[in-house]
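Visitor: The structure is given below, and queries will be raised subsequently.
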Ligand SMILES: Cc1ncc(COP(=O)(O)O)c(C=O)c1O
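Numbering (this note's numbering), first residue to last: 17 to 441.
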C-alpha cells in the first residue's frame, strides 16, 4: 500500500509512518511499563531511558558509596561538562557557555536580575501575558525589588504568538530586558528567536529566552543567532527525570558584562583558597552558585547523549510529521465534535505538542486517563495538550490516543467523570 493511497484516519497510515521512521528503534530504549498506554505527555515529563537506571546504579555503587568525598575530584566541574553536552546536542552552543544547574526558575531569576542591572538607568521589562507562570511571577518580584515597570504584551488571543511588529511597538530606550518563551507552554507556538533577539538588541536591551518547551525537540542555533541568554529544563523532551537540573546559557560575548545576584562559592575564581572577598571566575563557572546534583547530572548525561546520537534535525523532522498527523486527525475527527486548536498550523511555528480546546477539557482530560489509558494534560481554562516526544513516542501511539480521544468526546463518556481535588493537572 503506498502512503498516498492511505488516509490519516486509517490506522495503517500511522503504521506506515512507523515502518519508515529512522528513529523508531529509540522507543525501545525507554522504559515502558504499560504497552497499552498512549503517553502523549512527554512535553511535561519525558519517559525514562532504560540506560539511566544502570548509569545511576553504577554511580551509587561505584562512585558515591565507594569514593565518598574523593568523588568530588571528578564531580566538581560536571555542571560545566554536562552543560557543554546540552549546548552541543540541543542549543547550537560552543563549549564554555552552558551550565547544567539548579532549577529553571532559579536560573531565570539569576539571569533576569543580571540583565536588568547590566542596563543601569533603564527601567522597563517586557514579557507577555501567555508566558509560563513562574517567569511572570519572578518578573513581578524582580520589578518590585529593582524599581522597574513590567509590561506584559497581551497575546492571549489566537496562537499566543508575539510577532516582531508587536514587540517593536513596546521597544524604546527605557527597555532593559525582554523575555519570552521559545515555545509557549500552552499554545505550543514557536517564536522567531533571531528576529526578536536582534530587535531587542537594536533597542539596547538584553533578551532572556526560556526554552523549556523547545529543548530536545526543535533545533536551536544560539551562537549563530546571536542569542545572549537563555534558560531551560531537562525533564520534558530532555527525558532526564522529575526535578532534574535546569540549565542556563550565557554567550561568551557578554559573560564579563554580567553579574548574577547570588554570588556563591562555586563562582569564586580560586574556589578552594576559601579566601576573604568575592573574586569571580572569568568562565561560565562565574554564574554557578553551588554544588550540583551529581545524580541529576548523570540523568542528563544519559538522556542528552541519546539526543546527540539521534540528532536534533531528525528529532525535529519527526516532531513535524507527528504534529501534522495530529492536525489531520483533528480536522477529520475532533473539529466536527466542537473542538478547536490554538497551535499554529505551520510546522516551522510549532514544536512537539498541539493544544486543542473544548469547553469540557478538564473532564475530557481526566476521562482520557481513567477510561482510555491516554495521558495528556489539561491547562487552564479549556485546553488539552497532546505531544509527540520523537525518540520515545511512535506514530501509532499518537493515532491510538487521538482515536480514544474522539470516542470519549463523541460518546460524551467524560460526563461520568467526577473532578478530583488533585493539585496537579
Ligand atoms: C516554560 C517553563 N518555564 C519554567 C518552568 C519551571 O521550571 P522549574 O520548576 O524547573 O523551575 C517550566 C515548568 O514546567 C516551564 O514549562
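A virtual CB, placed ideally from N, CA and C, is assigned to each residue, including glycine.
1. So does the segment 57-75 actually touch the segment 247-260, counting three or more Cβ pairs closer than 8 Å?
2. Residue 43 and residue 426: beta carbons closer than 8 Å?
3. Do residue 305 and residue 118 come within 8 Å of each other at the CB atom, strictly closer than that value?
4. Rounded to whole angstroms, what is the Cα-Cα separation between residue 88 and residue 79?
5. If you drop the 5 nearest sequence neighbours on each side, which residues of the same chain put their C-beta closer than 8 Å to that of residue 365?
6. Report the three-state DSSP secondary structure of residue 258 (helix, strand or coil).
7. Specify, as a first and last residue, the run of the alpha helix (DSSP H) that residue 29 falls within.
8. Going by the C-beta, is residue 246 closer than 7 Å to any heavy atom of ligand 1?
9. What would DSSP say about residue 52, mapped onto helix, strand or coil?
10. From residue 286 to residue 357, what distance separates their C-alpha atoms?
11. Based on Cα-Cα distance, which residue from 406, 120, 24 and 133 lies nearest to residue 327?
12. Between the segment 89-100 and the segment 293-313, can you find at least three pairs of beta-carbon atoms closer than 8 Å?
13. State buried or exposed for residue 342, treating a residue as buried only when at least 16 other CB atoms are found within 10 Å of its CB.
14. Residue 160: buried (16+ other C-beta within 10 angstroms of its C-beta) or exposed?
15. My guess is that residue 226 and residue 82 are in contact by the Cβ rule of under 8 Å, so how many angstroms apart are they, rounded?
16. Roughly how many whole angstroms lie between the Cα atoms of residue 331 and residue 289?
17. Considering only the alpha carbon of each residue, which of 336, 135 and 197 lies closest to residue 217?
18. Compute the minimum distance between the beta carbon of residue 151 and the heavy atoms of ligand 1, and state whether it is under 7 Å.
19. Using a Cβ-Cβ cut-off of 6 Å (strictly less than) and excluding sequence neighbours within five positions of residue 320, which residues of its own chain qualify?
Guide: Looking at the atomic coordinates:
1. yes
2. no
3. yes
4. 10 Å
5. Taken in chain order, the residues that qualify are 175, 177, 205 and 206.
6. coil
7. Residue range 27-35 is occupied by the alpha helix (DSSP H) that includes residue 29.
8. No.
9. Note: residue 52 maps to coil in three-state DSSP.
10. 54 Å
11. 406
12. yes
13. buried
14. exposed
15. With 8 Å as the limit, residue 226 and residue 82 do not qualify as a contact, their Cβ atoms being about 39 Å apart.
16. Near 45 Å, if we compare the C-alpha coordinates of residue 289 and residue 331.
17. 135
18. yes
19. 101, 102 and 105
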